[in-house]
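There are 2 protein chains.
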Amino acid sequence: MKNESVLTEEIQVKSSVINDTKKLVDSYPRVPITVDCVVFGFDENELKVLLIRSDLEIYKDKWSLLGDFADVAGEAEDLDAAAYRILKHRTGMDDVFLEQVKTFGHPNRHPGGRVITIAYCSLLNIKHHQLKVMDNELHWHSVQGLGDELAFDHKIIIDECYDWLKKRILEHPLGFNLLPEKFSLRELQNLYESILNVKMDRRNFRKKFFAMDFLIDTGELEGDVPHRPGKLYQFNFQKYNHSKKKWNGIDF
Amino acid sequence: MKNESVLTEEIQVKSSVINDTKKLVDSYPRVPITVDCVVFGFDENELKVLLIRSDLEIYKDKWSLLGDFADVAGEAEDLDAAAYRILKHRTGMDDVFLEQVKTFGHPNRHPGGRVITIAYCSLLNIKHHQLKVMDNELHWHSVQGLGDELAFDHKIIIDECYDWLKKRILEHPLGFNLLPEKFSLRELQNLYESILNVKMDRRNFRKKFFAMDFLIDTGELEGDVPHRPGKLYQFNFQKYNHSKKKWNGIDF
DNA sequence: TTTTAAAGTGTTATTTTTACACAATAATAT
DNA sequence: ATATTATTGTGTAAAAATAACACTTTAAAA
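Line order of the protein sequences matches chains A and B. One rule links them: number in this note's numbering = place in the first sequence (from 1) + 3. One rule links them: number in this note's numbering = place in the second sequence (from 1) + 3.
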């Protein structure tokens with residue numbers, strides 16, 4: 004067993020080591036970090052992205068992603084947490100998933116000086132998520148044909164996130180987040196066609212999704228259509244989450 | 004045409020706007036950014052990762068990734084550039100690709116205070132890249148069974164990069180970076196089997212790679228084997244780079 | 001009752017994937 | 001020279017996944 008003086012010495016050594024480590028880190032250059040949320044939504048058969056009127060005077064006629072600085076000063080906030088906080092603050096939403104996509108750090112990407120931003124991506128059903136009433140500065144923009152009305156390097160960020168989304172939706176059932184709880188197969192197909200920007204065969208599409216065995220027939224029919232209504236289905240998240248094979252890896 | 008006073012006014016407005024923007028950015032909390040390079044290599048039929056003895060006293064018996072702070076103070080250095088600089092500095096190598104994988108920012112990931120790190124990944128042929136002679140602190144570790152001899156959160160980072168690599172190598176011909184210029188199909192198959200950690204059928208494997216049409220038969224045979232030698236092939240990067248279909252999306 | 005527009009449904013051909021076994025060859029040992 | 005050894009090189013058939021394709025059914029609206 005060690006005696007007390009040895010213990011004390013060890014502790015002193017350790018704390019001086021930590022001090023050295025802190026000093027080293029203190030010597031590193033520092034930079035502000037922001038998080039930008041690329042929130043995709045689907046409405047009227049079109050993929051949209053949620054933008055906010057830039058709050059910088061310099062970009063006054065431009066739109067920007069939902070972003071803000073990450074609270075890296077306190078020891079409290081994880082990057083993921085920062086993303087959720089910022090999304091909640093900007094839109095009031097707190098029940099969506101967010102995934103980190105990529106970090107952008109071009110030296111001149113921000114007119115106010117060097118700022119590094121981490122892009123997070125989300126996908127949700129526009130109708131299901133009421134935006135904060137106050138914020139009429141928020142707007143859903145069509146993803147197709149998004150041009151130079153964007154501030155910063157946000158066009159580049161959105162493009163990369165859109166590419167990420169197209170890959171992601173083929174290997175994970177994200178698409179169901181975009182639909183009403185109960186949806187027709189036509190709606191589901193429209194969704195995939197819009198996001199992937201392809202046309203698919205109706206019969207083969209149905210075959211594939213039914214083969215996955217994660218769709219529940221609700222027995223209900225869609226209303227408000229001037230023709231034969233389609234059956235409404237639900238996605239069985241329960242079953243999906245506990246299933247081994249997860250997802251067939253759709254590949255159109 | 005505008006007269007001079009209007010022009011002057013405009014410029015003044017603009018510069019005050021920029022000043023405001025700078026002030027805003029100045030008010031953001033700042034954090035040091037590091038870049039960590041996860042360099043995978045292949046040798047003796049095993050996937051390895053290049054590690055360096057930690058230069059922090061607190062981690063003196065641990066190994067860590069090749070990392071350093073990014074020069075975010077100057078306006079000069081892009082994140083990608085930082086990754087290349089750091090890799091070059093630590094190993095002397097400057098002819099490998101690096102791709103950004105993910106940013107890690109857990110508040111307590113660094114004992115010296117809050118540091119956010121961006122992980123970059125690379126893949127190379129160990130024999131082709133001599134490490135700096137000075138640096139006997141560098142060591143190729145087997146990726147399998149990497150344990151708690153790692154500093155910081157580097158085990159987590161390596162795990163995520165390894166997952167990334169497994170996906171990446173199926174959709175991109177990275178594997179050829181790991182082989183000698185001329186290689187036998189057995190070597191190629193060993194490579195894929197080691198990285199993906201699966202066994203594959205020899206005939207089907209050959210079929211798949213020949214179908215891709217990017218392998219050139221050099222006419223040579225491998226030497227130094229105590230049995231029938233295999234033919235040596237080269238990967239046709241030229242043809243690959245100009246080809247439309249790129250890669251069959253191998254899927255074992 | 002008719003019209004309309006989309007829903008629902010099955011089969012066949014094609015392609016891709018998997019499974020599987022034996023002859024040919026160069027090097028080495030005898 | 002010959003036999004031995006270890007690995008290369010090769011083809012085919014079954015199974016699974018994908019792609020192509022057209023007519024009948026249905027509810028709502030006219």
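A virtual CB, placed ideally from N, CA and C, is assigned to each residue, including glycine. Model, not experiment: these values are computed from the prediction.
Does the beta carbon of Tyr165/A come closer than 9 Å to any beta carbon on chain B? No - not a single Cβ of chain B is within 9 Å of the one on Tyr165/A.
Within 10 angstroms of the Cβ of Arg231/A, are there 16 or more other Cβ atoms? Answer buried if so, exposed if not. Per the 10 Å Cβ criterion, exposed.
Since Ile36/A and Arg93/A are thought to touch, with beta carbons under 8 Å apart, how far apart are those beta carbons, to the nearest angstrom? Under the criterion of beta carbons closer than 8 Å, Ile36/A and Arg93/A do not qualify as touching, at roughly 17 Å.
What residues of chain A sit near Asp25/B, judged by a beta carbon separation below 9 Å? Note on identity: in this sequence residue 25/B is Lys, with Asp being the wrong assignment. By Cβ distance, chain A contributes Pro114, Gly115, Gly116.
Show which residues of chain A have a CB atom less than 9 Å away from the CB atom of Asp105/B. The sequence given here has Lys at residue 105/B, not Asp. Here the neighbours are Gln103, Lys105, Thr106.
Suppose you measure from the CA of Leu27/B to the CA of Pro183/A; what does that come to, to the nearest Å? Between the alpha carbons of Leu27/B and Pro183/A lies a gap of roughly 40 Å.
What does the alpha-carbon distance come out to for the pair Tyr87/A and Ser125/A? Counting only the Cα atoms, Ser125/A lies some 10 Å from Tyr87/A.
Are the beta-carbon atoms belonging to Lys51/A and Trp143/A less than 9 Å from one another? Contact: yes.
Three or more C-beta pairs below 8 Å linking the region 57-69 of chain B and the region 197-208 of chain B: As far as the Cβ criterion goes, the region 57-69 of chain B does not touch the region 197-208 of chain B, which means the pair count is below three.
Assess contact between the region 71-90 of chain B and the region 188-198 of chain B, defined as three or more Cβ pairs (one per stretch) separated by less than 8 Å. Is contact present? Judged by Cβ distances under 8 Å, the region 71-90 of chain B makes no contact with the region 188-198 of chain B, as fewer than three pairs qualify.
Cβ-based neighbour list, Val34/B, same chain, cut-off 6 Å, excluding 5 preceding and 5 following: Excluding positions up to five away in sequence, the list reads Arg117, Ile119.
Within 10 angstroms of the Cβ of Leu235/A, are there 16 or more other Cβ atoms? Answer buried if so, exposed if not. So Leu235/A ends up on the buried side.
Does the Cβ-Cβ distance between Leu82/A and Cys40/A come in under 9 Å? No.
What is the DSSP secondary structure of Glu174/A, reduced to helix, strand or coil? Glu174/A: helix per DSSP, three-state reduction.
Does the beta carbon of Phe72/A sit closer than 9 Å to a beta carbon anywhere in chain B? Contact of Phe72/A with chain B is assigned, a C-beta pair being separated by under 9 Å.
Note down, in chain order, all residues in the region 28-41 of chain A with a beta-carbon under 8 Å from any beta-carbon belonging to chain B. For the region 28-41 of chain A, which is checked against every Cβ of chain B, the residues closer than 8 Å are Val28, Asp29, Tyr31, Pro32, Arg33, Val34, Pro35, Ile36, Thr37.
Rank Ser19/B, Leu181/B, Phe217/B, Lys91/B by C-alpha distance to the C-alpha of Asn244/B and give the top, closest one. Per the Cα distances, Phe217/B.
Whole-angstrom Cβ separation of Leu181/A and Asn128/A, contact assumed at under 8 Å? Contact holds; Cβ gap of about 5 Å.
Taking the alpha-carbon positions, what's the Ile161/A to Leu224/A distance? If I take the Cα positions, the gap works out to 36 Å.
With H, G and I counted as helix, E and B as strand and the rest as coil, what does DSSP make of Lys5/A? Bear in mind that a pLDDT of 49 at Lys5/A, under 50, signals an unreliable position, so the number given afterwards is only what the model happens to contain. Coil at Lys5/A, not helix or strand.
Alpha carbon to alpha carbon, how far is Glu60/A from Val75/B? Using only the alpha carbons, I get a separation of about 25 Å.
Which one or two residues does DSSP pair with Ala122/A in a beta bridge? Under DSSP, Ala122/A forms a beta bridge with Asp39/A, Lys105/A.
With DSSP as the reference, label Lys25/A as helix, strand or coil. DSSP places Lys25/A in helix when its eight states are reduced to three.
Opening and closing residue of the alpha helix (DSSP H) in which Asp64/B lies: Per DSSP, Asp64/B belongs to no alpha helix (DSSP H) and is neither H nor E.
Other residues of its chain near Thr221/A: CB distance less than 7 Å, five sequence neighbours each side excluded: Result list for Thr221/A: Lys185, Leu235, Tyr236, Gln237, in chain order.
Residues sharing a beta bridge with Asp156/A, DSSP: DSSP, once it has assigned bridges, lists no residue as partnering Asp156/A.
Where Glu47/B falls, given that 16 or more other Cβ within 10 Å makes a residue buried: Glu47/B is exposed by the Cβ-count criterion.
Checking contacts by CB at 9 Å: is Lys5/A closer than that to chain B? Note that Lys5/A has pLDDT 49, beneath the 50 cutoff, so the model's placement of it is unreliable and the number below is only indicative. Lys5/A does not count as touching chain B.
So with CB distances below 7 Å, who are the chain B contacts of Glu140/A? Going along chain B, no residue has its Cβ under 7 Å from Glu140/A, so there is no contact; the nearest lies around 17 Å.
My guess is that Phe213/A and Asp156/A are in contact by the Cβ rule of under 8 Å, so how many angstroms apart are they, rounded? Actually they are not in contact, since the Cβ atoms of Phe213/A and Asp156/A sit about 42 Å apart, beyond 8 Å.
Bridge partners for Asp46/A per DSSP, in chain order? Glu49/A, per the DSSP bridge assignment.
Amino acids of chain B, ordered along the chain, whose beta-carbon sits closer than 8 Å to that of Glu78/A: By Cβ distance, chain B contributes Pro110, Asn111, Arg117.
Per-residue DSSP class, three states only, for Asp204/B: Coil.
From the beta carbon of Ile121/A, is the nearest beta carbon of chain B less than 9 Å away? Ile121/A counts as touching chain B.
Roughly how many angstroms separate the alpha carbons of Glu140/B and Ala84/A, rounded to a whole number? Whole-angstrom Cα-Cα distance: 37 Å.
So if I threshold CB-CB distances at 8 Å, which residues from the region 41-64 of chain A count as touching chain B? Residues Leu59, Glu60, Ile61.
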